[in-house]
Amino acid sequence: MLVAVLLAVLLGIAALVVDLGLAMDTRGQAQNAADSSALAAAVALADGEDAATAIARAMSYADRNYGVTAAEWAACTDDHPLPVHPTTPCISLDGTTTRVVVPERRVPALFSGVLGGEGIRVRAAAEAGWTERGEFTGPCVFCVLDEFAGQTGTLAVNGGSVWVNGTTHFNNNNNGEVTVTGGDIRLAGDWDGVGTFTPAPDADVDPFTDPFAALPLPPSELDRGQPATVGSGDCTPGNYTSIADCTSLAAGLYVLAGGSHAIHGGVDAEGVTLYFTCSRRSGGRTYPDDCDADGEDGATLAGAGIGTATLSAPDSGPYQGFAVILDRHNTVDLRWTGNGALTVRGTLYAPAATLDLRGNGIYTSHGVTVVGDVDLRGNHDHVYNGPQPGDPVPPEVWELRTQITLVN
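For what it's worth, the numbering used here labels the leading residue of the sequence shown as 7, then goes sequentially.
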């Protein structure tokens, strides 16, 4: 008698194990169907499709992976749908999220049913979201098209690489330092082996191409027939011989004709591009003019005069992401003089100029820097940060990429 009782108990347990295993397998199929359907709908939305198309994609994947029928969708309920669900509450959407609840099914109690079991209910849900994230695609954050010379001081570059096309040489005291975080150092030209580099540089690499070589310059807005003036107070886009007394800069293109220019302390300029070119005199007036093709010293940026100033590039238009541009043949030195602090959000593009890092001024960059030459001197630490999401960046070195993930 005892043996019979034990046998019945063991058979019951075995039946439950088999049925639970079948239910777990079915549950896995249901979850896979929910996951793939939610992801398919999210891909459709990210591609610009409408809600009807996204829902149709979800239903197609659910049918393919789990055999869900139209009748099952019609009877399906969801206690927590997203706002948009025109076909069934079990496939719902909002702007960047999709939710799919696979209709409930009862897994038959194949063995435990003999003992009175009614089967196991199985359902699954999944949510997927999509976001667009900008990614820097340029070769370098600090790009030197020709020579990098150094004596003392530290150049720190964060969020990108330092690449040098020409010769790299430091004096023999080994006090010059280049430190890169989040990138590498590549030296295409000759290097004398002097200087401290972190990480160690890759030497004798192939030279890189100017990432902005195709940028149309001079700007189409440049009016060479309009005389340059001295700006003061609230300034608007145009031709200038000085902007030092501009207490505000409205969005747009400012053409600086010759001379050295500092930005007034306290200025917080949004959507501004400064273009530094050469000049000519006519009738007692100064006019902007293209720099000589063989090279000519034209206008230059000297940082902020006194106090702090911020310059942010446009986030759209022909000069999206460019805060400071120099004429392609402007061979002037860029030196941060004075006692002010200038923060630039955007690209500094000066392909023929020398970045002379020995002034007293503080210059903080959030963007790409492309210069002809670099002369690193003095005791300052010079910090250049690569572009981050939210910073204005030229489309030539920035790509929006879609990321689609399961939320739960």
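Every residue gets a Cβ at the ideal spot worked out from N, C-alpha and C, and that includes glycine.
Review point. Taking the alpha-carbon positions, what's the Glu42 to Pro395 distance?
Key: Position 36 of the sequence shown, counted from the start, is the residue given in the question as residue 42. Position 389 of the sequence shown, counted from the start, is the residue given in the question as residue 395. The sequence given here places Ser at residue 42; Glu does not occur at that position. Going by the C-alpha atoms only, they are around 29 angstroms apart.
**Study point:** Chain-order list of residues whose beta-carbon lies under 7 angstroms from that of Asn178 (same chain, five-residue window excluded)
**Key:** Residue 178 sits at position 172 when you count from the first residue of the sequence shown. Beyond the five residues adjoining it in sequence on each side, Asn178 comes within less than 7 angstroms, by CB distance, of Val200 in the same chain, given in chain order.
Point to revise | Residues that DSSP places opposite Thr187 in a beta bridge | key: Within the sequence shown, numbered from 1, the residue matching residue 187 stands at position 181. DSSP output for Thr187 lists Asn164 as bridge partner(s).
Point to revise | Of the residues Arg351, Ile368, Thr94, the one placed nearest Ala319, counting alpha carbons only | key: What you label residue 319 is simply residue 313 of the sequence shown in a count that begins at 1. Closest in C-alpha terms to Ala319, from the list Arg351, Ile368, Thr94, comes Arg351.
Check your understanding: Nearest-angstrom Cα distance between Ala48 and Val273?
Key -> Indexing the sequence shown from 1 puts residue 48 at position 42. Indexing the sequence shown from 1 puts residue 273 at position 267. Ala48 and Val273: Cα-Cα distance of roughly 43 angstroms.
Check your understanding: How would you call Thr187, buried or exposed, if buried means at least 16 neighbouring beta carbons within 10 angstroms?
Key -> Translated into positions along the sequence shown, residue 187 becomes position 181. With fewer than 16 Cβ atoms within 10 Å of its Cβ, Thr187 is classed as exposed.
Check your understanding: How would you label Val413, buried or exposed, when you count the other beta carbons within 10 angstroms and need 16 or more for buried?
Key -> In the sequence shown, counting from the first residue as 1, residue 413 sits at position 407. Classification for Val413: exposed.
Practice item. Inspect the beta-carbon positions of Ser285 and Ala206 and report whether they are closer than 8 angstroms. Key: As a working mapping, residue 285 is identified with position 279 in the sequence shown. As a working mapping, residue 206 is identified with position 200 in the sequence shown. No, they are not a contact pair.
Check your understanding: Is the segment 130-140 touching the segment 148-162, taking contact as three or more C-beta pairs under 8 angstroms?
Key -> Put simply, the segment 130-140 does not touch the segment 148-162. Fewer than three CB pairs are less than 8 angstroms apart.
Review point. In whole angstroms, what separates the C-alpha of Ile126 from that of Gly101?
Key: Residue 126 sits at position 120 when you count from the first residue of the sequence shown. Residue 101 sits at position 95 when you count from the first residue of the sequence shown. Taking the straight line from one Cα to the other gives about 35 angstroms.
Exercise for review: Identify every run of the alpha helix (DSSP H) within the segment 45-102, keeping only runs that are complete inside it and at least 4 residues long; order them along the chain.
Suggested key: The alpha helix (DSSP H) runs of length 4 or more contained entirely in the segment 45-102 are, from start to end of the chain, 57-72, 76-81.
Review point. From Trp197 to Thr173, what does the alpha carbon distance come to, in whole angstroms?
Key: Along the sequence shown, read from residue 1 onward, the residue named residue 197 stands at position 191. Along the sequence shown, read from residue 1 onward, the residue named residue 173 stands at position 167. Computed Cα separation, rounded: 6 angstroms.
Review point. Which word fits Gln326, buried or exposed, when buried means at least 16 other C-beta atoms lie within 10 angstroms of its C-beta?
Key: Within the sequence shown, the letter at position 320 stands for residue 326. It is buried - the Cβ of Gln326 has at least 16 other Cβ atoms within 10 Å.
Check your understanding: What residues in its chain sit with their C-beta under 7 angstroms from that of Val90, if we drop five residues either side in the sequence?
Key -> For the purposes of this step, residue 90 is taken as residue 84 along the sequence shown, with counting starting at 1. Ala57, Ser98, Leu99, Asp100.
Practice item. Have a look at Ala50, Asp53, Gln37 and flag the residue whose alpha-carbon is nearest the alpha-carbon of Ala68. Key: For the purposes of this step, residue 68 is identified with residue 62 of the sequence shown, where counting begins at 1. Taking the Cα of Ala68 as reference, the smallest distance to any Cα among Ala50, Asp53, Gln37 is reached at Gln37.
Exercise for review: Please report how far the alpha carbon of Asp295 lies from the alpha carbon of Arg230, in whole angstroms.
Suggested key: Indexing the sequence shown from 1 puts residue 295 at position 289. Indexing the sequence shown from 1 puts residue 230 at position 224. Each residue's alpha carbon lies about 6 angstroms from the other.
Check your understanding: Where do the ends of the beta strand (DSSP E) carrying Phe218 lie?
Key -> Reading the sequence shown from its first residue, position 212 is the one you call residue 218. In the DSSP assignment, Phe218 falls outside any beta strand (DSSP E) and carries neither an H nor an E.
Exercise for review: Tell me Ile331's beta-bridge partners as DSSP assigns them.
Suggested key: The residue you call residue 331 lines up with position 325 of the sequence shown. DSSP, once it has assigned bridges, lists Tyr281, Tyr355 as partnering Ile331.
Review point. When we look at the beta-carbon of Gly73 and count the other beta-carbons within 10 Å, is it buried (16 or more) or exposed?
Key: On the sequence shown, position 67 is the one that residue 73 refers to. Flag for Gly73 reads exposed.
Check your understanding: According to the neighbour-count rule (16 or more other Cβ atoms, all chains shown, within 10 Å of its Cβ), is Asp212 buried or exposed?
Key -> As a first step, residue 212 is located in the sequence shown; it is residue number 206 there, counting from the start. It counts as exposed.
Review point. Taking Cβ positions, are Asp333 and His372 nearer each other than 8 angstroms?
Key: If you number the sequence shown from 1, residue 333 lands on position 327. If you number the sequence shown from 1, residue 372 lands on position 366. No, they are not a contact pair.
Exercise for review: Drop a sphere of 10 angstroms on the beta-carbon of Asp381, count the other beta-carbons inside from all chains shown, and report buried for 16 or more, exposed for fewer.
Suggested key: Looking up residue 381 in the sequence shown gives position 375. The residue in question, Asp381, is buried, as its Cβ has 16 or more Cβ neighbours within 10 Å.
**Study point:** Proximity winner among His386, Glu133, Asp84, relative to Glu110 (alpha-carbon distances)
**Key:** Taking the sequence shown and counting its residues from 1, one reaches residue 110 at position 104. Among His386, Glu133, Asp84, the Cα nearest to that of Glu110 is on Asp84.
**Study point:** 6 angstroms CB neighbourhood of Gly384 in its chain, flanking five on each side removed
**Key:** Locating residue 384 in the sequence shown gives position 378, where the first residue counts as 1. Excluding five sequence positions before and after Gly384, the CB atoms of its chain that fall closer than 6 angstroms to its own CB belong to Gly159, Arg364, given in chain order.
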